[in-house]
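Chains A and B are the protein sequences, given in the same order. Quick note: the first sequence uses my numbering, first residue 1, plus one each step. Quick note: the second sequence uses my numbering, first residue 229, plus one each step. Backbone N, C-alpha and C define an ideal beta-carbon position, used for all residues, glycine too. Here the structure is a predicted model, which means the values were calculated and not measured. Contents: one structure, followed by commentary.
Number of protein chains: 2
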Amino acid sequence: MTALTADELTTSVEDYLKAIYAITRQGHPATTSEIAHWLNLSPPSVSGMVKRLAEQGLLEYQPYKGVELTAKGRRGALTILRRHRIIEAYLVERLGYSWDSVHQEAERLEHAVSEVLIERMADALGNPEFDPHGDPIPRPDGSMAEATSTPMPDIEVGQEGVLHQVRSNDAEQLRFIASVGLKPGTVFTVVAQQPFHGPTTIRIGDTEQVIGHELGSLLRCEVSGEQG
Amino acid sequence: MTALTADELTTSVEDYLKAIYAITRQGHPATTSEIAHWLNLSPPSVSGMVKRLAEQGLLEYQPYKGVELTAKGRRGALTILRRHRIIEAYLVERLGYSWDSVHQEAERLEHAVSEVLIERMADALGNPEFDPHGDPIPRPDGSMAEATSTPMPDIEVGQEGVLHQVRSNDAEQLRFIASVGLKPGTVFTVVAQQPFHGPTTIRIGDTEQVIGHELGSLLRCEVSGEQG
DNA sequence: TAGTAAAATTAGGCAACCCTAAATACGGCA
DNA sequence: TGCCGTATTTAGGGTTGCCTAATTTTACTA
């Protein structure tokens, strides 16, 4: 008996849900200013919108206390996330998009595609579980694969790792990562690790690369064993 | 030195341009009420919007006199039309959409895709000149193939024809057309033609089909010669 | 516990679009 | 030429979402 009204959400609402979901997911509380910053809006705008979203039952809101998605809101967020990631996967796989240029395109399309189209794209790709950044794609029921995730700087010297996930949408970072030969699936060995958040040196095939700590933290890997 | 401002048009504006272009193309003057009818809006809404479009230099407007697209407006309309038709072609060709179900999907996507994506889809399809309905796809420069176009009822009995273009977006009509074995490229022979806008009887392969006059007029064909 | 800076909300506005109801212009016919 | 119906525009409103400026709340520190 859930109110399954033809819940067409506006582009704006979808963006708010995505942002709140993402912020919460990172462990931060979804405060007004955090949301505003994420969406590039002024805090008063967020304050107002958040009230409307609460009225629609998409989130719980107590003035001055921040915001939390309801089940309905979370469902909405996961739907958009699924759309976004399938679109990214499709564009890279089938239309020759590069890793670092898909994001914006997906950002626009995710608000316009029908559920039918998303499922056709997913089928065409064999219902992948991860997108080109290595992010898990929510399934239609809202569940999703949990990616193993050791940040690259946490891997010990001498260990071998596989890059699984690149937690960045910044085109420049993505281009750099691609340029050194890294993408989800790439196997590497940690050659050196500077202490105090210093850079990590890794070997990919025959070449060594130095990865700064900030960027390295965004590279989620699985430790695959001791080097030879 | 044309004002090439980052002319992002809103969905609404794009729809107005498309409608005005289509109306004009049919030989009718683009009057306020015609546009309103086409877009399912009230005449006052159109009246207001048309003024804004004129301010943006997309059309010329004289109160009580109707509307005409400027070169800039026409360019906009053709861009959308190109997007629409390439999207339709892509969805049918690559994602298994049926002929009669693509229209709405394209209607939503055409406002969200980037020029880059359109060109990638077009390339993937080999830069087709016609969409699945047989409508010519405007080229990036705005030119387009002129379809030969004899309405089916105008073909004389005994003549053979090839269906080129189906000028309908009505899902039911399209389903019917597909169900009798007609689609762009289908070869048929006219077996009978009732006078006074009566139905046309055609033979496709071994079977005969009767096509009402109204529907037949939407079927644009090329006469390919005398039957055997 | 008072004082204050930061965070959040309220107040007041604006632009894009859409609508209904009321006025006005146009065009054709008596 | 004058009248009348239709087409069109003007008037007046509503919603969504965004913004700046002003106010209020909170939370931290002295």
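Limits of the alpha helix (DSSP H) - the one that residue i falls within
i         : result
Thr-239/B : 239 to 253
Ala-375/B : Premise fails: Ala-375/B is in no alpha helix (DSSP H) and is neither H nor E.
Arg-83/A  : 71 to 95
Arg-167/A : Counting along the chain, Arg-167/A falls outside any alpha helix (DSSP H), and DSSP gives it neither H nor E.
Thr-32/A  : 32 to 39
Arg-52/A  : 43 to 55
Ile-177/A : 171 to 179
Val-330/B : 330 to 337
C-beta neighbour in chain B for residue i, strict 9 Å
i         : result
Ala-3/A   : Any reading at Ala-3/A needs caution, since the residue's pLDDT is 40, under 50, leaving its predicted position unreliable; the model's value is listed next. No, its Cβ sits nowhere closer than 9 Å to a Cβ of chain B.
Glu-242/A : Nothing about residue 242/A can be read from this structure; chain A reaches only from 1 to 228.
Partners in chain B for residue i, counting only beta-carbon separations shorter than 8 Å
i         : result
Gly-96/A  : Arg-348
His-111/A : Ala-340
Ala-124/A : Arg-322 and Leu-323
Arg-108/A : Ala-340, Val-341 and Ser-342
For residue i, the first and last residue of its enclosing beta strand (DSSP E)
i         : result
Gln-209/A : 207 to 211
Gln-194/A : Here Gln-194/A belongs to no beta strand (DSSP E), and DSSP marks it neither H nor E.
9 Å Cβ cutoff, residue i in contact with chain A
i         : result
Ala-317/B : no
Lys-279/B : no
Where residue i meets chain B, residues with beta-carbon distance less than 7 Å
i         : result
Gly-105/A : In the sequence under discussion, the amino acid at residue 105/A is Glu, which differs from the Gly named in the question. Near Glu-105/A (Cβ distances below 7 Å), the residues of chain B are Ser-342 and Leu-345.
Residue i Cβ short of 8 Å to the ligand NAD heavy atom set
i         : result
Leu-281/B : Ligands are entirely absent from the displayed structure, and the ligand NAD is therefore not among its contents.
For residue i, the residue or residues it bridges with in DSSP
i         : result
Pro-136/A : Phe-130/A
Tyr-289/B : Val-295/B
Ile-346/B : Note: Ile-346/B sits in no beta bridge, so no partner.
Thr-186/A : DSSP, once it has assigned bridges, lists no residue as partnering Thr-186/A.
Val-451/B : Gly-389/B
Ile-383/B : Partner(s): none; Ile-383/B has no beta bridge.
Phe-203/A : Before going further, note that residue 203/A is Arg rather than Phe in the sequence given. Arg-203/A pairs with Thr-189/A and Glu-208/A.
Given 8 Å as the limit, is there contact between the region 291 to 302 of chain B and the region 328 to 337 of chain B, that is, 3 or more CB pairs closer than that?
no
Indicate whether the contact test is met: 3 or more Cβ pairs, each with one atom in the region 432 to 443 of chain B and one in the region 358 to 373 of chain B, closer than 8 Å.
no
Touching or not, the region 310 to 330 of chain B and the region 338 to 352 of chain B, by the rule of three or more beta carbon pairs under 8 Å?
yes
Across the region 158 to 167 of chain A and the region 212 to 226 of chain A, are there enough close Cβ pairs to call them in contact, namely three or more that are closer than 8 Å?
yes
So does the region 240 to 257 of chain B actually touch the region 177 to 196 of chain A, counting three or more Cβ pairs closer than 8 Å?
no
Below 8 Å, can you find three or more Cβ-Cβ pairs linking the region 180 to 187 of chain A to the region 252 to 262 of chain B?
no
Does the region 131 to 146 of chain A come into contact with the region 364 to 371 of chain B, if we say contact requires no fewer than three beta-carbon pairs (one atom in each stretch) closer than 8 Å?
Judged by Cβ distances under 8 Å, the region 131 to 146 of chain A makes no contact with the region 364 to 371 of chain B, as fewer than three pairs qualify.
Between the region 371 to 379 of chain B and the region 140 to 148 of chain A, do three or more beta carbon pairs fall short of 8 Å?
no
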